[in-house]
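Chemist: Here it is: the structure, laid out below.
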Amino acid sequence: MLLHKSINCDSQDKKQEARIADIKHIVKDVLKEQIAEHMRPQIQEQIRLELRQQIQAAVKEQISEHLPVSLQDQADESKRQLIEVRNSLLNRSRLVGQMPPYVQPTWTMHLRLSSKPTAKNPPWLHKPCDNSSHTIVCQLRLFLHTDDSDPRSEQVPKHVHWFGITAYANTMCANAT
Numbered sequence: 008m009l010l011h012k013s014i015n016c017d018s019q020d021k022k023q024e025a026r027i028a029d030i031k032h033i034v035k036d037v038l039k040e041q042i043a044e045h046m047r048p049q050i051q052e053q054i055r056l057e058l059r060q061q062i063q064a065a066v067k068e069q070i071s072e073h074l075p076v077s078l079q080d081q082a083d084e085s086k087r088q089l090i091e092v093r094n095s096l097l098n099r100s101r102l103v104g105q106m107p108p109y110v111q112p113t114w115t116m117h118l119r120l121s122s123k124p125t126a127k128n129p130p131w132l133h134k135p136c137d138n139s140s141h142t143i144v145c146q147l148r149l150f151l152h153t154d155d156s157d158p159r160s161e162q163v164p165k166h167v168h169w170f171g172i173t174a175y176a177n178t179m180c181a182n183a184t
């Protein structure tokens with residue numbers, strides 16, 4: 008008899024919990040409708056935009072976990088490496104004494120993404136990589152010059168150096184010509 012009463016109590020408790028959950032669900036729906044009726048369209052649009060941005064950010068995060076390094080990231084890494092090479096060359100030339108202290112160098116950096124040779128991207132710039140279908144070709148052109156109005160500029164020879172730097176997904180090789 009006692010066991011039968013406890014089973015009845017458990018089933019009644021479950022029924023009451025189900026009824027309470029139904030009432031909560033109905034109250035939530037009613038509250039949502041009332042809030043939506045009294046909410047201004049600007050606030051509704053702002054909430055929609057915020058939800059859309061959160062969803063897009065979550066999707067991008069999930070996609071980025073499954074994709075390899077993008078070409079933009081590879082180009083950024085190549086640019087960072089070019090800046091390191093430039094700074095190293097600048098410091099080395101100052102140490103050797105090739106560049107007088109009054110010479111102001113200017114740097115022109117050309118970053119080029121190529122997957123095949125074209126008229127603007129000749130074949131000698133194209134160096135295919137076995138493990139990647141895309142090649143990032145970067146060139147650093149160093150100009151050493153002074154202001155023409157400076158009388159000391161006559162004493163400084165003008166040099167142009169090309170440093171072709173090719174970056175692959177996993178390797179980096181630099182050639183100075």
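Just add 7 to the spot in the sequence shown (first one is 1) and you have our numbering.
Backbone N, C-alpha and C fix where the C-beta goes; we use that ideal spot for every residue, glycine too.
Does DSSP classify glutamate 40 as helix, strand or coil?
Modeler: Glutamate 40 falls in the helix class under three-state DSSP.
Chemist: What span of residues does the alpha helix (DSSP H) with arginine 4 cover, start to end?
Modeler: Given that the chain is displayed from residue 8 to residue 184, the structure contains no residue 4 and the question cannot be resolved.
Chemist: Taking 9 Å as the cut-off, decide whether the C-beta atoms of glutamine 53 and alanine 43 are in contact.
Modeler: no
Chemist: Buried or exposed: leucine 56, going by 16 or more other Cβ atoms within 10 Å of its Cβ?
Modeler: Exposed.
Chemist: Output the distance between the C-alpha atoms of leucine 89 and aspartate 83, rounded to the nearest integer angstrom.
Modeler: Going by the C-alpha atoms only, they are around 10 Å apart.
Chemist: Looking at the structure shown, is serine 95 part of a helix, part of a strand, or coil, going by DSSP?
Modeler: helix
Chemist: Three-state secondary structure (DSSP) at serine 77?
Modeler: coil
Chemist: What number of angstroms, rounded off, separates the C-alpha of isoleucine 27 from the C-alpha of glutamine 79?
Modeler: 54 Å
Chemist: From methionine 46 to valine 37, what does the alpha carbon distance come to, in whole angstroms?
Modeler: Roughly 14 Å between the two C-alpha positions.
Chemist: In whole angstroms, what is the alpha-carbon distance linking arginine 87 and glutamate 68?
Modeler: 24 Å
Chemist: Where glutamine 49 and arginine 59 are concerned, what is the direct C-alpha to C-alpha distance, given to the nearest angstrom?
Modeler: Take the alpha-carbon of glutamine 49 and the one of arginine 59: they are about 15 Å apart.
Chemist: For glutamine 81, is the classification buried or exposed, using 16 other Cβ atoms within 10 angstroms of its Cβ as the cut-off for buried?
Modeler: buried
Chemist: Residues in its own chain within less than 6 Å of leucine 97 by CB, not counting five upstream and five downstream?
Modeler: none
Chemist: For serine 71, is the classification buried or exposed, using 16 other Cβ atoms within 10 angstroms of its Cβ as the cut-off for buried?
Modeler: Answer is exposed; the Cβ neighbour count stays below 16.
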